[in-house]
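Below is one structure, written out as structure tokens; comments come after it.
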């Protein structure tokens, strides 16, 4: 069963009757259970994905009865100005049933809604003597407003609202007491309107096992019992504070609990005490104070449970004699408020006033304010540091990272939202929770700004109940479903030393694993002695028709790695919640093919990692659900030419404008072919050609080293063949919503769209196969398309993409039953992309033209079909005078700032293009009488006779004294292969002089394969210079990195 909401226990909506006894729940579910059971109506202000009311709405839809015998109405409302008016209108309507006046009215909202509810709540406080009891259950939750804004806990809004409006205020400190505090707030509402606030970011959403949950009937009985125990006489004569304390005492007597308005934890004779309010803050402060006290630190913590009314005498009784410092951990709005001395937290002001006027206190302690912003995420170590600061100690103490016993098992899952195995963590958590001897907690954090949407799921398993509202810092086992996450997050930081990590890495052989892993990750794994396991779903021998196969592989692999001999028991529990035991046993038996452990090489510990490039250690919560990547695109419309013509004739009425290639987001120019000549012989199998464009009046400007983007067109004959086969009319006009602005429409004929916009002859990604399957009417074709789109079709997809080089058109031809209409075709086929080529000219030398050096890409596929690169085929066929749409792209290939600095250039094949521009510029400077640095040009190709491109130019520049050294490497002109790095080694002294001694700059342009060899030559040059200067040892790799940072080691490879 697919999870419905992370705010529900294990992602599933429980029946109202099942919320009872020892059970798995979330704090938020318990809040809704109390509200639903005891209220007449619930007014909900829950933003999308916050799901503050999802269970209550499900119970209402199912016609579940409350304790009063009827279905509680759940009214979903919008958060805006005037919010709450309907609730107030309902209670004071002339049609309101006065027999229900004693029944509470409930409200569910995040703290971000309180500023919109304030005016109505203010009116309610004035009318409260004739109102229903009113309780607002508030999730302390808001979005931070900074540029990296995420979700934050917000108590400051609730504190100021209660203070300004005279409301009661109760806080929940853990999921284990969420039901009791919701009940207390509802009881207090009979005397004053009450806010019940709880952590909506973590505690409210953690799935955990709570032992003493009252069912609906038990809630009703407890509620009535407490109400009856408080006499009318008490209500008449007691103050608001007295009524609240009397209600709390009655609740304790009914439930057998010992809740207090303020609760002390820690040393019996503390020197420093920390006062806290809030779920996570109070829970952690209590645990840290207790732990520090056991180790001899004289500290304590006072947690505020009943904040309004503030029982000053009860608070003063908890202040121990001899205390020197009373720290107040108070939340303020933001980081700026933390810095401003004149801004104080509400809690600090209340505590300071109580201490100042407390007559019973001798040796008044120093009251110290410790402000923090809403974005602060508290952990055991940060709370412990706060205590140490109050004691005046430094940070040398052993940090506290957890309070959990060794029997607690901790697992962390790092997943991209659209991973095929994304559901594995939820299934495993549900399976682990089926062990009645264990208590499991589950928390999921969503960060939609990482890797297109990623989430982290923490699972803890313990024989005892857990109260750990903080991220796992020492996981026994971590799972990563996408290797790219390792480049974004320091995953290893949250794994304990000697732990295990399971990495999903499909289709990668052992010898290639090291290349796929970031250096920092490898180093950390080796240093922390972490065992590394790899899962390769592509190696499975099972049928690819098995539903959720990759998720099942991950789940069974996890059980094997974590449980070992108890794997069979784990499979039985997993089968009870997901799949069937037979399938799971088959998947488990197949693990010999899909799961393997990698031996971590010792030399990984010696890898060099840039300390400056530290990764974040966790995701930043900014959502409660996966990022919805679906893009609603208005469908294209086929229309007549007459309608399109009206838009051009009556531009003002139709809001029409002319634009050169309006489909393109970059600034484009129209240039015309000036020259198109082949540089290699016509009999040679490689067509390298020089093409030059006349800029005319286009206004195009470019700098040395930049690239020219060619907005090519599909071949006319190929387009017409496709149109004929697909049954289209090339003259039909299609109106398509612009990809840049959905409000703007473009008019093009089908022929124009296929020739200029739609990449119909490009290579399709997996998502095309998945999208096309929706249109297949033949079941076998549909199944095959979905297989190719899924993990089980990985190998076949790779073969199609890299060997067969199939195109969108090929796929449509192969699966004829999948025949989308043209407007659907435009939607699922990618748009054509510009192709970029390094500019082979200097505009200062040739101001009215721009030149390119290009090799025509062509090959024969396994079926014997001639294949061509779309852009190079288009360019090679252009005649002088033909118009071309182009744009300019900046590049890293820049000349050094000083003309006297040498330049060392290494280019293979068409990689020489930017160096032609470099040499033209240096020749111009020399002609102007400027002093120029030495110019070393190394060029590589197969044969001098066929591929000595621009050879006459290079030799002329050398004769003119512009090029100092011309190193030509023609690899196949002699028995032994000679490459560009060989020519560089032969002239090592020239390189040392130009590069090291004269502060030259090195450039490499062309394919990637020579990069290691060429870099080795430069490192040898650095080492030789060091030896010449008496330096015995030099880190040449680090020196290369320094040169790279200084712009003196520049690569443009592809």
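Residue numbers (UniProt numbering): 1 to 1054.
Quick reminder that beta carbons are idealized off the backbone N, C-alpha and C, glycines included.
On the DSSP bridge assignment, give the partners of residue 446 in chain order. Translated into positions along the chain shown, residue 446 becomes position 446. In the DSSP output, where bridge partners are listed per residue, residue 446 has 455, 623.
Kindly indicate which residue of 808, 871, 572 has the alpha-carbon position closest to the one of residue 715. One-based indexing of the chain shown puts residue 715 at position 715. Comparing Cα-Cα distances from residue 715 to each of 808, 871, 572, the minimum goes to 871.
Unbroken alpha helix (DSSP H) run spanning residue 883, endpoints: Translated into positions along the chain shown, residue 883 becomes position 883. First-last for residue 883: 883-889, but that is the beta strand (DSSP E), not the alpha helix (DSSP H).
Using the three-state DSSP reduction, which class does residue 950 fall into: helix, strand or coil? Residue mapping note: residue 950 aligns to position 950 of the chain shown, counting from 1. The answer is coil: DSSP assigns residue 950 none of H, G, I, E or B.
Is residue 403 close to chain B, meaning its C-beta is less than 7 Å from at least one C-beta of that chain? Absent here is chain B; the protein component of the structure consists of one chain.
Using only the alpha-carbon positions, how far apart do residue 633 and residue 202 sit? On the chain shown, position 633 is the one that residue 633 refers to. On the chain shown, position 202 is the one that residue 202 refers to. Residue confidence for residue 633 is low, a pLDDT of 47 falling below 50, so the modelled location carries little weight; the figure read from the coordinates is stated next. Rounded to the nearest angstrom, the two C-alpha atoms are 36 Å apart.
Assumed close pair residue 893, residue 1039 - CB separation to whole angstroms, cut-off 8 Å: On the chain shown, position 893 is the one that residue 893 refers to. On the chain shown, position 1039 is the one that residue 1039 refers to. Beta-carbon to beta-carbon, residue 893 and residue 1039 are separated by about 22 Å, too far to satisfy the 8 Å threshold.
For residue 1060, which residues in the same chain have their Cβ closer than 8 Å to its Cβ, ignoring the five residues on either side in sequence? The first residue shown for the chain is 1 and the last is 1054, placing residue 1060 beyond what the model contains.
Close beta carbons around residue 1041, own chain, < 6 Å, minus the five adjacent residues each side: Along the chain shown, read from residue 1 onward, the residue named residue 1041 stands at position 1041. Cβ neighbours of residue 1041 beyond the five flanking positions: none.
Using three-state DSSP, classify residue 905 as helix, strand or coil. What you label residue 905 is simply residue 905 of the chain shown in a count that begins at 1. In the three-state reduction of the DSSP assignment, residue 905 falls in the strand class.
Complete alpha helix (DSSP H) runs within the stretch 744-825 (minimum length 4 residues, chain order): List check, alpha helix (DSSP H) in window: 766-773, 779-789, 794-799, 808-814.
Residue 94 - DSSP class collapsed to helix/strand/coil: Here residue 94 refers to the residue found at position 94 of the chain shown. Coil.
Buried or exposed (CB count within 10 angstroms, at least 16 for buried), residue 414: In the chain shown, counting from the first residue as 1, residue 414 sits at position 414. Here residue 414 is buried: its Cβ has 16 or more other Cβ atoms, across all protein chains shown, within 10 Å.
Over the uninterrupted alpha helix (DSSP H) stretch that includes residue 726, give me the two end residues. In the chain shown, the residue the question calls residue 726 occupies position 726. Following the DSSP letters along the chain, one finds residue 726 inside the alpha helix (DSSP H) bounded by residues 716-726.
What are the residues that DSSP puts in a beta bridge with residue 604? Position 604 of the chain shown holds residue 604. Residue pairing of residue 604 in beta bridges, as defined by DSSP: absent, with no partner found.
At which residues does the beta strand (DSSP E) containing residue 253 begin and terminate? By 1-based counting over the chain shown, the position of residue 253 is 253. Note, residue 253: premise wrong, no beta strand (DSSP E); alpha helix (DSSP H) at 240-255.
Which residues in the same chain as residue 539 place their Cβ atom closer than 6 Å to its Cβ, once the five residues preceding and following it in sequence are excluded? Within the chain shown, the letter at position 539 stands for residue 539. Once the five neighbours on either side are set aside, the close Cβ partners of residue 539 are 593, 594.
To the nearest whole angstrom, what separates the beta carbons of residue 38 and residue 67, a pair I think is in contact under 8 Å? Reading the chain shown from its first residue, position 38 is the one you call residue 38. Reading the chain shown from its first residue, position 67 is the one you call residue 67. Yes, residue 38 and residue 67 are in contact; Cβ-Cβ is about 6 Å, under 8 Å.
In three-state terms, what does DSSP make of residue 1038? Taking the chain shown and counting its residues from 1, the one referred to as residue 1038 is at position 1038. Residue 1038: helix per DSSP, three-state reduction.
Which whole-angstrom value is the C-beta distance of residue 272 and residue 325, which I expect to be below 8 Å? Position 272 of the chain shown holds residue 272. Position 325 of the chain shown holds residue 325. The pair is a contact, with the Cβ atoms about 4 Å apart (cut-off 8 Å).
Please specify which runs of the alpha helix (DSSP H), each continuous and at least 4 residues long, are wholly inside the stretch 356-420, giving them in chain order. List check, alpha helix (DSSP H) in window: 380-391.
Using the Cβ count rule (16 or more neighbours within 10 Å means buried), how would you classify residue 1030? For the purposes of this step, residue 1030 is identified with residue 1030 of the chain shown, where counting begins at 1. By the 10 Å Cβ count, residue 1030 comes out exposed.
If contact is defined by three or more beta carbon pairs under 8 Å, each pair taking one atom from either stretch, is the stretch 799-818 in contact with the stretch 772-790? With three or more CB-CB distances shorter than 8 Å, the stretch 772-790 counts as touching the stretch 799-818.
Residue 225 to residue 550 span [Cα, whole Å]: Translated into positions along the chain shown, residue 225 becomes position 225. Translated into positions along the chain shown, residue 550 becomes position 550. Looking at the two C-alpha atoms, the distance is approximately 54 Å.
Which one of 168, 704, 718, 691 has the shortest CA to CA distance from residue 710? As a position in the chain shown, residue 710 is number 710, starting the count at 1. With distances taken between CA atoms, residue 710 lies nearest to 691 out of 168, 704, 718, 691.
Alpha carbon to alpha carbon, what distance is there between residue 241 and residue 47? Position 47 of the chain shown holds residue 47. Position 241 of the chain shown holds residue 241. Near 34 Å, if we compare the C-alpha coordinates of residue 241 and residue 47.
Taking residue 1028 as the reference, give the member of 996, 1011, 70 with the closest Cα. For this step, residue 1028 is matched to residue 1028 along the chain shown. The candidate whose alpha carbon is nearest that of residue 1028 is 996.
Rounded distance between the beta-carbons of residue 605 and residue 516, thought under 8 Å: Counting from 1 along the chain shown, the entry for residue 516 is found at position 516. Counting from 1 along the chain shown, the entry for residue 605 is found at position 605. Wrong, their Cβ atoms sit about 19 Å apart, outside the cutoff.
Rounding to the nearest angstrom, what Cα-Cα distance links residue 493 and residue 895 in this structure? Indexing the chain shown from 1 puts residue 493 at position 493. Indexing the chain shown from 1 puts residue 895 at position 895. Residue 493 and residue 895: Cα-Cα distance of roughly 42 Å.
Alpha-carbon spacing of residue 992 relative to residue 964, whole angstroms: Working through the chain shown from its first residue, we reach residue 992 at position 992. Working through the chain shown from its first residue, we reach residue 964 at position 964. Whole-angstrom Cα-Cα distance: 14 Å.
Taking the alpha carbon of residue 45 as the reference point, which residue from 374, 107, 196, 36 has its own alpha carbon closest? Sequence index remark: in the chain shown, residue 45 carries index 45 (1-based). That would be 107, whose Cα lies nearest to the Cα of residue 45.
Per-residue burial, residue 211 [other beta carbons within 10 Å of its own, 16 or more giving buried]: Translated into positions along the chain shown, residue 211 becomes position 211. So residue 211 ends up on the exposed side.
How would you write the range of the alpha helix (DSSP H) that residue 999 sits in, first residue to last? Walking along the chain shown from the start, residue 999 turns up at place 999. That residue, residue 999, is in no alpha helix (DSSP H); it is neither H nor E in DSSP.
Taking the C-alpha atoms as reference points, what is the distance between residue 181 and residue 69? Counted from its first residue, the chain shown places residue 181 at position 181. Counted from its first residue, the chain shown places residue 69 at position 69. Cα-Cα distance, rounded: 23 Å.
For residue 440, collect the residues of the same chain with a Cβ closer than 6 Å to its Cβ; drop the 5 residues on either side in sequence, then sort them by chain order. Stepping through the chain shown from its first residue, residue 440 is reached at position 440. Same-chain partners within the cutoff: 432, 433, 461.
Do residue 111 and residue 157 have their CB atoms nearer than 7 Å? Mapped onto the chain shown, residue 111 falls at position 111. Mapped onto the chain shown, residue 157 falls at position 157. Yes, the Cβ-Cβ distance between residue 111 and residue 157 is below 7 Å.
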